[in-house]
Amino acid sequence: MRALDTPSFFKIKPTPEDKLPQVYVLMAVYNEAAVIIDKIKSIEAIDYPRDRLELIIASDQSDDGTDNLIKSYSTSLKLTLRRLPQRSGKPNAINQLVEFAQTQANFKDSILLLTDANVMLSEGSLRQLVYLFENPKIGLVDAAMHHIGIDKEQGVSASENTYINQESRLKIAEGHALGAMMGPFGGCFAMRAKLYVPVPFNFLVDDFFLSMNVLKQGYKTMSQPKAIVYEDVSHSLKEEFRRKKRISAGNWQNLKHFWPMIF
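Here the sequence shown is numbered in our numbering, starting from 2 and rising by one per residue.
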């Protein structure tokens, strides 16, 4: 893909240190004992002022010790753990996290970082995401997911990585050409808190729903290739098929919801 000219709405200056916005890191977890401490450590290592960073976790009825690991881990982060009273699913868990964060006085001017437990953040990833919000026209920014643990000899990880890389290039191009990057990487993206619209009950693809509502409200969505995060790619054909079925079903839900925007 040839190099793209940087659009005018993308040419912005980095946010001054003393004006960096409050960031609420929101994470819905279910039985993530294997990765949850590594995830918290990756957030601890982020280069961002501690007084403007808060981690809020919703445990969706985890029963593998995830909650106890979070409670027992000593961290410098401001961390809140909320155990949901019943299994809700990720979109509904995020809705409840946002509802909790809305009680904070600075919520409307803050940034939400929505991320999954198995996605590890690089040290500069959050600053790179926040950097783009200096432009008031940008409402949502996607991170750049890099796969790790790829097995070129067996499984589907290599082909899945190729597919995701091509999709990422398209999203970068969409953002540069139109300011309308379609559907962020659900494992890690940031958005203006004031633009959050609760995801309908039983919706399967919450990230696409949120990005479309940002566009619907007249803001731009971008992909930030410098905001690098890492995920261990799946080797299982069965697991990838299950995931693709969920995404495909969710796409029909979103098409029904947003079809007037086609025109």
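Positions of the beta carbon are idealized from the N, C-alpha and C atoms, including for glycine.
Item, Value
"What does the alpha-carbon distance come out to for the pair I57 and N119?", "16 Å"
"Need the endpoints of the alpha helix (DSSP H) that K40 sits in, please.", "37-45"
"Check the DSSP bridge columns for T81 and list the partner residues they point to.", "I57"
"Nearest by alpha-carbon distance to I165: which of A178, A144, A106 is it?", "A144"
"What's the call for F204, buried or exposed, on a 16-neighbour Cβ count within 10 Å?", "buried"
"For the region 81-96 against the region 45-62, are there 3 or more C-beta pairs whose distance is under 8 Å?", "yes"
"Put Q225 into one of helix, strand or coil per three-state DSSP.", "strand"
"Would you call the region 124-141 in contact with the region 32-40, where contact means no fewer than 3 C-beta pairs closer than 8 Å?", "no"
"Please determine, among A178, N93, R247, F209, the residue with the shortest C-alpha to C-alpha distance to G187.", "F209"
"In the DSSP assignment, what residue or residues form a beta bridge with F116?", "It should be pointed out that residue 116 corresponds to Thr in this sequence rather than to Phe. Looking at the DSSP assignment, T116 forms a beta bridge with C189."
"Quick check on DSSP: helix, strand or coil for L98?", "helix"
"At the level of alpha carbons, what is the spacing between A228 and K246?", "28 Å"
"For I149, count neighbouring Cβ atoms within 10 angstroms of its own Cβ and tell me buried if that reaches 16, exposed if not.", "exposed"
"What is the DSSP secondary structure of M146, reduced to helix, strand or coil?", "strand"
"Between the region 163-179 and the region 97-108, can you find at least three pairs of beta-carbon atoms closer than 8 Å?", "no"
"Buried or exposed: which applies to S73, given that a residue is buried once 16 or more other Cβ atoms fall within 10 Å of its Cβ?", "exposed"
"What is the C-beta distance between I47 and E124, in whole angstroms, given that I count them as a contact (C-beta under 8 Å)?", "6 Å"
"So, under 8 Å CB-CB, G66 and A34 are touching, yes? Tell me the CB distance rounded to an integer number of Å.", "5 Å"
"Quick one: Cα of N136 to Cα of Y49, how far?", "19 Å"
"Within 10 Å of its beta-carbon, does M192 have 16 or more other beta-carbons around it, so buried, or fewer, so exposed?", "buried"
"Starting from the Cα of M28, find the closest Cα among P17, R84, K221 and give me that residue.", "R84"
"Would you kindly report the start and end of the unbroken beta strand (DSSP E) that includes V1?", "Since the first residue of the chain shown is 2 and the last is 264, residue 1 is not available in this structure."
"Can you grab the Cα-Cα spacing for the pair S75 / Y25, in whole Å?", "19 Å"
"Does D64 come out as helix, strand or coil in the three-state DSSP assignment?", "coil"
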